[in-house]
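Colleague: Here the sequence shown stands for residues 3 to 293, where the numbers follow the working numbering. For every residue, glycine included, the Cβ atom is placed at its ideal position computed from N, Cα and C.
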Amino acid sequence: MSSSFERYQKRRLISSYFSVVLSIALVLFLLGILGLLVLNAKKVADLFKEQVTVTIYLKDNAKDVEVKQLEKSLALADYVKSTEYISKEQAAESMKAENGEDFMEFLGFNPLQNNIDVNLKADFVTSDKLEELAATALEKGFVEEVRYDKDLVTLMNSRVKKISFWVLLLSAIFTLIAVLLINSSIRLSVYAKRFTIKTMQMVGATKRFIRRPFVWKSIKLGILGAILALVGLGFIVYYVDQAFPELVLRQSPILIGGLFLVIFLLGILITWISTHFATQRFLNLKTDQLY
């Protein structure tokens with residue numbers, strides 16, 4: 003009879019540990035996914051910003067040496083990501099390919115202009131910086147016009163700020179929820195052993211001595227849950243890197259490694275704090291309050 007009861011208690015204990023590990027793993031996994039979103043939100047925003055093109059149109063009488071000098075000075079600027087010189091012939095060929103017809107047959111001449119396409123680094127894609135670039139380029143006598151989509155830049159910067167705010171707010175809310183969920187699972191696990199805690203206290207064990215095995219056990223469960231969460235995150239990172247290579251996740255090992263380390267430490271920290279306070283609560287209760 004006692005053997006059967008012991009087996010039942012052992013199965014119940016294993017089931018309790020399994021549910022704690024699973025809940026920790028799921029919560030940390032969701033936190034990791036949110037962390038990936040936060041880390042890559044800037045990358046996605048930067049990717050869109052760097053697609054904004056500033057087109058510098060050149061006069062027909064512009065000398066090759068002047069054009070090359072301008073292109074070189076732009077390429078060397080710390081705020082420029084890339085430059086590309088496009089001749090009027092190249093522009094005509096591109097337009098012909100897009101429209102499927104040769105417009106020069108109707109006009110009899112090429113009305114397009116030689117130009118330099120400039121893409122700025124994401125941090126410099128602001129209205130002020132673009133205006134400064136345009137003003138500097140127009141000082142050159144061989145530059146006829148500078149064009150870029152002002153409304154798009156203004157709208158993009160405004161939306162990026164709003165999205166960043168809401169992502170950070172949601173991150174804080176989900177982190178709080180994660181802590182509460184893990185804390186709830188740990189408290190239920192400790193609750194099942196409340197009579198053992200009180201018995202040890204009644205025979206003279208100190209609070210620190212009683213807490214120690216519970217804390218260590220919870221830390222081990224937290225480590226196991228964190229490892230399971232990190233394995234799942236590893237698969238997600240690999241899939242996202244394959245599906246969206248433009249995010250270049252593999253080229254950010256420090257950020258990804260930092261996120262993994264934070265998730266691992268959270269698994270330890272949250273379980274340690276939750277177990278400490280859960281055991282302390284039952285240690286402070288009177289025996290008749292345990293029922």
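Is it right to say residue 224 is buried, meaning 16 or more other beta carbons lie within 10 angstroms of its own, or is it exposed?
Modeller: When all chains shown are included, residue 224 counts as buried.
Colleague: Give me the Cα-Cα distance between residue 183 and residue 23, rounded to the nearest whole angstrom.
Modeller: Cα to Cα, the separation comes out at about 12 angstroms.
Colleague: Kindly provide the ranges of any alpha helix (DSSP H) runs that are 4 or more residues long and lie completely inside the region 197 to 260, ordered along the chain.
Modeller: 209 to 245, all fully within the region 197 to 260.
Colleague: Rounded to a whole number of angstroms, what is the C-alpha to C-alpha distance between residue 124 and residue 269?
Modeller: Looking at the two C-alpha atoms, the distance is approximately 35 angstroms.
Colleague: Count Cβ pairs between the region 236 to 248 and the region 151 to 165 that sit closer than 8 angstroms; are there 3 or more?
Modeller: Contact between the region 236 to 248 and the region 151 to 165 is absent, because fewer than three Cβ pairs lie under 8 angstroms.
Colleague: Comparing C-alpha positions only, which one of 34, 86 and 260 sits nearest to residue 237?
Modeller: Comparing Cα-Cα distances from residue 237 to each of 34, 86 and 260, the minimum goes to 34.
Colleague: Would you say residue 53 lies against chain B (beta-carbon separation less than 8 angstroms)?
Modeller: Absent from the structure is chain B; it holds one protein chain and no more.
Colleague: Could you round the C-beta distance between residue 281 and residue 221 to whole angstroms and report it? I think they count as a contact, below 8 angstroms.
Modeller: Not a contact, Cβ separation roughly 13 angstroms.
Colleague: Just the Cα atoms here: how many angstroms apart are residue 37 and residue 136?
Modeller: Spanning the two alpha carbons is a distance of roughly 38 angstroms.
Colleague: Assign residue 227 to buried or exposed, taking buried as 16 or more other Cβ atoms, counted over all protein chains shown, within 10 Å of its Cβ.
Modeller: With 16 or more other Cβ atoms within 10 Å, it is buried.
Colleague: So what does DSSP say about residue 294, is it helix, strand or coil?
Modeller: It is not possible to answer for residue 294, since the shown part of the chain is limited to 3 through 293.
Colleague: What's the call for residue 58, buried or exposed, on a 16-neighbour Cβ count within 10 Å?
Modeller: Label assigned to residue 58: buried.
Colleague: Between which residues of its own chain and residue 77 is the CB-CB distance below 6 angstroms, once the five residues before and five after are set aside?
Modeller: These residues qualify, in order along the chain: 85.
Colleague: Taking C-alpha atoms, which residue in 48, 61 and 29 lies nearest to residue 143?
Modeller: For residue 143, the nearest C-alpha among the options comes from 61.
Colleague: Just checking my contact of residue 230 with residue 262 at CB under 8 angstroms: how many whole Å lie between their CB atoms?
Modeller: Their Cβ separation, rounded to whole angstroms, is 13 angstroms, which puts residue 230 and residue 262 out of contact at 8 angstroms.
Colleague: Give the range of the beta strand (DSSP E) segment to which residue 84 is assigned.
Modeller: Its beta strand (DSSP E) spans residues 82 to 88.
Colleague: Mapping the DSSP letters down to three states, classify residue 269 as helix, strand or coil.
Modeller: It is helical.
Colleague: Jot down the residue ranges of each uninterrupted beta strand (DSSP E) in the region 24 to 83, minimum 3 residues, whole runs only, in chain order.
Modeller: Listed in chain order, they are 55 to 60.
Colleague: Leaving aside the five residues before and after residue 43 along the sequence, list all residues of the same chain whose C-beta is less than 8 angstroms from its C-beta, in chain order.
Modeller: Cβ neighbours of residue 43 beyond the five flanking positions: 165, 166 and 169.
Colleague: Would DSSP call residue 133 helix, strand or coil?
Modeller: Residue 133 falls in the helix class under three-state DSSP.
Colleague: Return helix, strand or coil for residue 337, following the three-state DSSP convention.
Modeller: Because residue 337 is not part of the residues shown, which for the chain are 3 to 293, the question remains open.
Colleague: Sort 99, 132, 95 and 72 by Cα distance to residue 55 and report the nearest one.
Modeller: It is 132.
Colleague: Rounded to the nearest angstrom, how far is the Cβ of residue 276 from that of residue 188, given a contact under 8 angstroms?
Modeller: Right, their Cβ atoms sit about 4 angstroms apart.
Colleague: In three-state terms, what does DSSP make of residue 192?
Modeller: Looking at residue 192 - three-state DSSP - the assignment turns out to be helix.
Colleague: What is the DSSP secondary structure of residue 148, counted as helix, strand or coil?
Modeller: Three-state DSSP puts residue 148 in a strand.
Colleague: Measure the C-alpha to C-alpha separation of residue 25 and residue 186 and round it to an integer number of angstroms.
Modeller: Using only the alpha carbons, I get a separation of about 10 angstroms.
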